[in-house]
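The sequence shown begins at 0 in numbering that gives the first Met the number 0 and counts up one residue at a time. All residues carry an ideal CB built from backbone N, CA and C; glycine is no exception.
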Amino acid sequence: MRQICIHEDSTANDLAPLAVCVHNLFGQLPVTARSKNKRGVRVEGGRVISMDYTGPFLELSIAENRVIHDRPPSGVYHGIPVVVSPIRIDGEPVAAIGVVDVTGSLDLKALMDQYASLQKQMGYELERL
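If you want it as structure tokens, here you go:
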């Protein structure tokens, strides 16, 4: 019988199927995962690109047993908004999984300003016709 088992000592091989699944569910956004005691995986572009990955917020999420919404101060995703969540068993963190947070990267004010400008421009063009 095939199964996925996540625990404190899960390897990158153990975590890869879950990370690829999340990657595909979220439109192939980059996904990372690691267990409490072992480095994990990094998935981008539809494939696993590292089987020896860790990141500051994966480690922090496990250490503090909390969800993190932030921009990493270092590493591959330096400055890019991410969300990282612990994977818990009986309330205790055994691993963490993270994804690039596209909602955190949108500047809503700039988007609305651009929309208003476009609306104004289109309104002006329609009045001229």
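Taking 9 Å as the cut-off, the beta carbon of proline 29 is found closer than this to the beta carbon of valine 98. Residue burial is scored here from C-beta neighbours: valine 42 has at least 16 other C-beta atoms within 10 angstroms and is therefore classed as buried. Among the bridge pairs identified by DSSP, glycine 97 is matched with Thr31 and Val83. When DSSP assignments are scanned along the stretch 39-69, the uninterrupted stretches of beta strand (DSSP E) that are 3 or more residues long and fall wholly within it turn out to be 39-43, 46-52 and 67-69. According to the DSSP secondary-structure assignment, isoleucine 88 is paired through a beta bridge with Glu91.
Using a C-beta cut-off of 8 Å, the stretch 1-15 makes no contact with the stretch 67-74, since fewer than three inter-stretch Cβ pairs fall below that distance.
Close CB contacts of glycine 78 within its chain, under the 6 Å cut and outside five residues either way in sequence, are with Arg70 (chain order). By the CB criterion at 9 Å, arginine 46 and alanine 94 fall outside the cutoff.
A direct Cα-to-Cα measurement between proline 85 and arginine 65 gives close to 6 Å. Counting along the chain, asparagine 23 sits inside the alpha helix (DSSP H) bounded by residues 11-24. Shortest Cα-Cα distance from glutamate 91 to any of Val40, Ile61 and Gln2 involves Ile61. Of the candidates Phe56, Ala115, Asn23 and Met0, Phe56 places its Cα closest to the Cα of isoleucine 96. In this structure, DSSP gives tyrosine 76 a state outside helix and strand, which the three-state scheme calls coil.
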